[in-house]
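Heads up, the thing below is written out as structure tokens.
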Amino acid sequence: MNIEKLNEIRDEFAKNIKMRELVKDKIYVEHTNPKEKQIVVCGGAGCEATGAKSLIDEFNKYIEEEKIENVVVVPVGCIGLCETGPNVVVYPEGIFYTRVKLSDVKNIVDKSIVNDEVDEDVVYENAKQDDKILKYNSVDFYDKQYKIALRNVEKIQLESLNEYIGADGYQALHKAIFDLDQKDIIDEMKKSGLRGRGGAGFPTGRKWESAYKVENSQKYVICNADEGDPGAFMDRAILEGDPHSVLEGMAICGRAIGANQGFIYVRAEYPIAVKRLRIAIQQAKETNLLGDNIFGSDFSFDIELRLGSGAFVCGEGTALMESIEGRRGMPRTKIFRTAERGLWDKPTIINNVETFANVPAIMYRGADWFTSFGTEGSPGTKVFALGGKVVNTGLVEVPMGSTLREIIFDIGGGIKDGKKFKAVQTGGPSGGCIPEEFLDTPVDFESLAKIGSIMGSGGMIVMDEDDCMVDIARFFLEFTVDESCGKCVPCREGTKRMLEILEKITSGKGEDGDIEALEDLCDTITSASLCGLGQTAPNPVISTLKYFRNEYEAHIYDKKCPAHACKALLSYEITDKCIGCTKCAKNCPVSCIEGAVKKQHVIDKSQCIKCGNCETVCPVHAVVRR
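At position 279 of the sequence shown (counting the first as 1) the number is 278 in numbering that gives the first Met the number 0, and the numbers step up by one without a gap.
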């Protein structure tokens, strides 16, 4: 492919893309047929799991049967609001439909396509405002977002190279090959201030420069797509919805450092992402956007997939390289920097999916444009998987420096069921739990580190008043123990000892000295572990001890769980609100509830197995936890 052909495709398919670009209530449409409409269906993994594929088939079937013209059904990647899937947006009006069922298809087409109306039974409930319907991207969930890494995910048709090109795809690679030399590319990346989005936040330009300076005929580029944090799905969404942005970013990196081979290490548990990556790589090779003499130049770069088997430790760079080389994924002792001696002892650059997805946008629009977002020390945006006890769970991208309060309450819609916010965990198992007093903390690398957490790859788990922070720490330690490779003693043995103490505390057997033992273990494991997994494993314990020490003390000394979450420390009582309906007694699996009809019932606590059935079935909420 040459630049003339690239631009010809871009000009043709940009017309499709323009219709899907909405900013607030302004619609930007440049199309040969202004009457044409598009039905965009979210094809992310979450929406596919709830029936998006069948919806696409049903839309196409009904449109064909009714012979409706000037409408096309477009599957795209994750559009973010995973809580409400399957999601559908009708353009150019930008009508946002959620929880769409097969039975809704006829009404949506008849009303929104044929008659220019809104089906208010299916329209997103938070888009209803007084007497008008807010457009997609105007609702609160999207209001404070700005998308760079996710810029194409909800916009371009799945598995379409032409639509990626229509969204300015591969223009940055052409620029990097013909308009810039290697040093120019690296200087632009350094000027952008892009920091690695995989967790550590190391400056990308400096990393690339290190590999560029090493003289070696063979160098490698690796994309770390081994996203293993519980509740994280940022990289998955990019790989499923916009894989070409990652391929282009890797090729630009290859051009900068002098590499001709790249690898994407992706977990096999992402079958949709793997499938779409394979399609994208094949498309790029067939059109000479990957392979030998790209764009007819002297630059060649190829990419291969390597599938991981689900080991969390393989998210660590050296363990990942061990796995690619065919050995068990265990971290190496870091005598040399990976940029100097990495894969097969050759200079290697490893960046994660989100980092590479930012690269083409930076190279095409310029470093100054990128630094206009975020903060001085953390430019750009960050993608988060927002989950837990929040109303709007899903995928969000915000400028660095946005506060936790803005993300959780303005975008996330606050806490479910009117409960009280308690904490938010950032950075997955390696991160910390942040209490309410820090909700106005800006989300950037330095600010989170100051309060005892990390950015991580972007997991953000929200907790409410019903969550026990000791049990949360136990949950994350259980994960770490299970995922430890076992190579070094501090991680292998130390995390296990910590977990044993936490299990003892949450089971009501905690004793004086346990907190001090946990603190000693945290210090030892942090300072002596071989890799980042072990070094950061104590973070959930460190942060919960710092901000929720009273809960540890209540478990140990009062034998009480303040959140009423730890089963061993829990008891159920029936209050005088009981109306004697007998539902609790009838649903008790061990028959430990007694009482006459219309009389207050009593639980025999010596027989109670604490299953909670009585609390669930009580119509007047007379059963309480103590």
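From the three backbone atoms N, C-alpha and C, an ideal C-beta is built for every residue, glycine too.
- Within its own chain, the residues whose Cβ lies closer than 8 angstroms to the Cβ of Lys345, once the five positions on either side in sequence are excluded, are Asn215, Gln217, Lys218, Tyr219, listed in chain order.
- Contact between the segment 373-382 and the segment 437-446 is present, with at least three C-beta pairs closer than 8 angstroms.
- In this structure, Ala536 lies near Thr494, with their beta-carbon atoms less than 8 angstroms apart.
- Between the beta-carbon of Gly387 and that of Ser429 there is about 17 angstroms, and that puts the pair past the 8 angstroms contact cut.
- Of His243, Glu593, Ile348, Ile251, the smallest CA-CA separation from Gln281 is found for His243.
- In this structure the segment 128-143 lies against the segment 399-415, because at least three pairs of beta carbons, one per stretch, are closer than 8 angstroms.
- Scanning Ile414, Lys274, Asn151, Ile453 for the CA closest to the CA of Gly200 turns up Ile453.
- In this model, Tyr551 and Leu520 are separated by some 16 angstroms (Cα to Cα).
- Its chain contains Cys521 as the residues whose beta carbon lies nearer than 6 angstroms to that of Ile541, once the 5 sequence neighbours on both sides are disregarded; these appear in chain order.
- Residue state for Asn114 is assigned as coil, using DSSP reduced to three classes.
- Around the beta carbon of Gly192, a 10 Å sphere encloses 16 or more other beta carbons of the protein chains shown; the residue is thus reported as buried.
- By the C-beta density criterion, Ala595 is exposed, having fewer than 16 other C-beta atoms within 10 angstroms.
- Nearest Cα to Arg194 within the set Leu101, Gly531, Asn357, Ala448: Asn357.
- Residue pairing by DSSP places Gln128 opposite Lys131 in a beta bridge.
- At the C-beta level, Leu288 and Asp301 stay beyond 8 angstroms of one another.
- Glu593 carries a strand assignment under DSSP once its states are collapsed to helix, strand and coil.
- Within the same chain, Tyr61 come within 7 angstroms of Lys105 by CB-CB distance, once the 5 residues on both sides are set aside.
- Taking C-beta atoms as the reference points, Pro618 and Lys559 fail to come closer than 8 angstroms.
- As DSSP reads the structure, Tyr219 sits in a beta bridge with Gln260, Thr347.
- Just measuring C-alpha positions, the residue of Val89, Arg150, Ile107 sitting nearest Val397 is Arg150.
- In the three-state scheme derived from DSSP, where H, G and I count as helix and E and B as strand, Gln144 is classed as coil.
- Three or more beta-carbon pairs drawn from the segment 267-275 and the segment 305-316 are found closer than 8 angstroms, and the two stretches are therefore classed as touching.
- Thr380 is bridged by DSSP to Pro398.
- When C-alpha distances from Asp186 are compared across Gln37, Ala279, Trp207, the shortest belongs to Trp207.
- Bounds of any alpha helix (DSSP H) do not take in Leu179, whose DSSP letter is neither H nor E.
- Judged by DSSP secondary structure, Arg624 falls outside any alpha helix (DSSP H) and instead within the beta strand (DSSP E) spanning 622-624.
- In the three-state DSSP reduction, Thr505 falls in the helix class (H, G or I).
- For Thr425, DSSP records a beta bridge to Gly431, Met459.
- Shown here for Ile414: same chain residues with a beta carbon closer than 6 angstroms to its own, the five before and five after excluded, namely Lys388, Phe420, Asp463 in chain order.
- Residue nearest to Cys467 within the set Leu403, Leu54, Pro539, Ile406 is Pro539 (criterion: CA-CA distance).
- The bridge partners DSSP lists for Arg305 are Tyr264.
- Taking the Cα positions, Lys174 is about 36 angstroms away from Ile334.
- Taking the Cα of Lys508 as reference, the smallest distance to any Cα among Ile555, Phe475, Gln534, Phe478 is reached at Ile555.
- When the five nearest sequence neighbours on each side are left out, the beta carbons in the same chain lying within less than 6 angstroms of the beta carbon of Asp439 are those of Thr402, Arg404, in order along the chain.
- The closest CA to that of Lys381, considering only Asn259, Arg625, Val75, Ala148, is found on Ala148.
- Remark: C-beta atoms of Glu482 and Val352 do not approach each other more closely than 8 angstroms.
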